[in-house]
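In this text, residue positions in the sequence shown follow this note's numbering: the first is 236, and each later residue adds one.
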Amino acid sequence: MTEPNDKPTDYDRINVNESDGQKFYGYDDKDTGKTDWYTEDGSLDSQTYTPSDDE
Numbered sequence: 236m237t238e239p240n241d242k243p244t245d246y247d248r249i250n251v252n253e254s255d256g257q258k259f260y261g262y263d264d265k266d267t268g269k270t271d272w273y274t275e276d277g278s279l280d281s282q283t284y285t286p287s288d289d290e
């Protein structure tokens with residue numbers, strides 16, 4: 236994926252937390268229908284069902 240302190244570049248989607256502006260980079264797994272969300276420093280934050288692109 237990324238080296239420490241490198242910002243991701245090959246993500247499928249990005250989400251910005253409205254309360255504090257923190258960015259999360261999403262990598263979709265089309266086989267499972269889930270998205271892994273990483274912080275700007277490359278740490279895994281969470282996994283969710285892949286959001287619809289209509290949202």
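Glycine is no exception: its CB is placed at the ideal position from the N, C-alpha and C atoms.
For residue i, count neighbouring C-beta atoms within 10 Å of its own C-beta (all shown protein chains included) and say buried if the count is 16 or more, exposed if not.
i: D271; result: buried
i: Y295; result: Given a span of 236 to 290 for the chain in the structure shown, any question on residue 295 remains unanswerable.
i: G261; result: buried
Measuring straight from C-alpha to C-alpha, what distance separates residue i and residue j?
i: E275; j: G268; result: 23 Å
i: Q257; j: R248; result: 14 Å
i: K265; j: P286; result: 12 Å
With DSSP collapsed to three states, give me the class of residue i.
i: T244; result: coil
i: T283; result: strand
i: G268; result: coil
i: G261; result: strand
i: N252; result: coil
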